[in-house]
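Notes to accompany the following structure.
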Amino acid sequence: MPKSKPPTARSKTALILAGGGITGVVYEIGALHALDQYLGEGFTIADFDMIIGLSAGAFVGSFLANGITPEAMFAALRQDPRAPLAPFPKWDVFRPNFGEFFERALALPRTLALNAFKKLRKVAGGNPYVSVFDEVLPSGIFVNDRVESYLRHSLHRLGRTNDFRQLRRRLYVIATELDTGDRIVFGDEGHDHVPISKAVQASTAIPLFYRPVRIGRRDYVDGAMRKTLHADIAIAKGAKLIVCINPVVPLRNDIEREAVPLFEGKGRYLREKGFGYIAWQMLRVLLHSRIELGLERYKRLHPDVDIILIEPRMDDYRMFFHNIMDYEARVPMAKHGCDTAMAHLAEHFDEYGAIFARHGIQMVRPGRRIPLSVPVHRPAPPRAPAFRSDRDVSRLQASLDALAARLL
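Just so you know, we're using the working numbering here: the sequence shown kicks off at 139 and counts up by one.
Set out below in structure tokens:
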């Protein structure tokens, strides 16, 4: 009787959730629900060894790392009174930076007078490149402090943790330090003391749109400024299977279709939408080209690592022409994210199934599609013990060695 093939040992896994504003949040909620239906028995989206989130993905990832399902998040989007999460009000997303507006407006007369005085006196050492209005404009149109308070209160009310160190599985939240341009990985050693909610606030601070977030003596902005995915973090932490969800792709417009929506009918060319959409297309091209170059590099340098990328099709006009900060579109776009991700996974089932199998995880074709509105109840994940990991042992050993050196 032939021996059965032993099951492949499960590799270390990582889930990366990229940015994309409100539309990015809801797309990822829908895509996670779709992915969960394709994962076989014994593994769910809550079982990835680490979650890396930046900007919108940091918001979604902080809930997912705490065992809160995409279905529960969607119920909050729908403002379902039975949802475990409270709705996230529109005012909390678009809360004007009144304090800084007023503060700088009050300083305007003094600034203008001082500037005029310097010009009249021809003060030596004056900087001709500094415009007087540079310091009058605010550092951001809106503030996102309500993102932090919403996340903090939600986790507390559900009995979950706001402490990176107490999570059973690792969560890394990416932000960019404004004054240096350096990437900061909250949740990693040296930055794991910062509350999860505060790290997410920093990671979601879209430059110019939101005021930079001050943590300690440093200012932080959106985590997508340096890289789009940051898969190198997962590789450095030992992940061999990385699943990335990216909501933002450039549009591949077919000029023969007349599919560009205009106020009057349809157009053929993207330029007909004007300056804003041209800039938006260029930004998407830039962000996505970084993904493509990064994936090629990782494949060349780390052939033992498999990376799966789930994202909208480039001919998805609906995703492209929805403003990323469109609050009113959150429910239909979450459903659209689920639908398109289901189609993507079905199209690539054989390819992805073989990849998952190499890492000890089974992929299955869902027999019956579960709507995004149907709640999936999972128990809260256990918190990490107070003393854990090789890193803690190393810290203890170093402390003991230092103490022994002083005593002997």
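C-beta: ideal position from N, C-alpha, C; glycine also.
Contact check, residue i vs residue j under 8 Å by CB: the rounded distance?
| i | j | result |
| --- | --- | --- |
| residue 480 | residue 172 | 4 Å |
| residue 384 | residue 429 | 6 Å |
| residue 361 | residue 314 | 6 Å |
| residue 379 | residue 453 | Residue 379 to residue 453, Cβ: 28 Å. No contact. |
| residue 188 | residue 147 | That pair is no contact at about 18 Å. |
| residue 336 | residue 353 | 6 Å |
| residue 203 | residue 309 | 4 Å |
| residue 215 | residue 456 | Between residue 456 and residue 215 the Cβ distance is about 17 Å, and since that is not below 8 Å, they are no contact. |
| residue 158 | residue 196 | 11 Å between Cβ atoms; not a contact. |
| residue 154 | residue 374 | At roughly 13 Å, the Cβ-Cβ gap does not stay under 8 Å, so residue 154 and residue 374 are not in contact. |
Mind checking residue i: buried by the 16 CB within 10 Å criterion, or exposed?
| i | result |
| --- | --- |
| residue 413 | exposed |
| residue 149 | buried |
| residue 400 | exposed |
| residue 461 | exposed |
| residue 515 | For residue 515, the predicted model reports a pLDDT of 49, less than 50, meaning its position is unreliable and no value from the coordinates is stated. |
| residue 438 | exposed |
| residue 482 | buried |
| residue 341 | buried |
| residue 489 | exposed |
| residue 267 | Here residue 267 scores only 49 on pLDDT, less than 50, and its place in the model is too uncertain to base an answer on. |
| residue 524 | Note that residue 524 scores a pLDDT of 47, beneath 50, so its modelled location is shaky; the value from the coordinates is reported in the next line. That one is exposed. |
| residue 220 | exposed |
| residue 528 | Residue confidence for residue 528 is low, a pLDDT of 48 falling below 50, so the modelled location carries little weight; the figure read from the coordinates is stated next. Exposed: under 16 other Cβ atoms inside 10 Å. |
| residue 244 | exposed |
| residue 357 | buried |
| residue 201 | buried |
Closest to residue i by C-alpha separation, out of the options, would be which residue?
| i | options | result |
| --- | --- | --- |
| residue 495 | 178, 162, 155 and 159 | 178 |
| residue 184 | 165, 306 and 337 | 306 |
| residue 364 | 407, 316 and 327 | 316 |
| residue 436 | 368, 161 and 211 | 368 |
| residue 167 | 408, 199 and 432 | 199 |
| residue 506 | 174, 419, 159 and 206 | 174 |
| residue 330 | 300, 358 and 151 | 300 |
| residue 343 | 291, 288 and 280 | 280 |
| residue 232 | 243, 285, 197 and 196 | 285 |
| residue 432 | 366, 350 and 291 | 366 |
| residue 206 | 225, 181, 176 and 293 | 293 |
| residue 395 | 406, 388, 402 and 387 | 406 |
| residue 222 | 160, 295, 234 and 157 | 295 |
| residue 226 | 465, 434 and 386 | 465 |
Can you name the residues that DSSP bridges to residue i?
| i | result |
| --- | --- |
| residue 314 | 321 and 359 |
| residue 348 | 280 and 345 |
| residue 188 | 152 and 308 |
| residue 234 | 280 |
| residue 501 | 177 |
| residue 353 | 356 |
| residue 488 | Answer by DSSP bridge pairing: none, since residue 488 is not bridged. |
| residue 326 | 324 |
| residue 379 | 151 and 444 |
Just list the beta strand (DSSP E) runs in the segment 390 to 477, keeping only unbroken ones of 3 residues or longer that don't cross its boundaries, in chain order.
-> 444 to 448, all fully within the segment 390 to 477.
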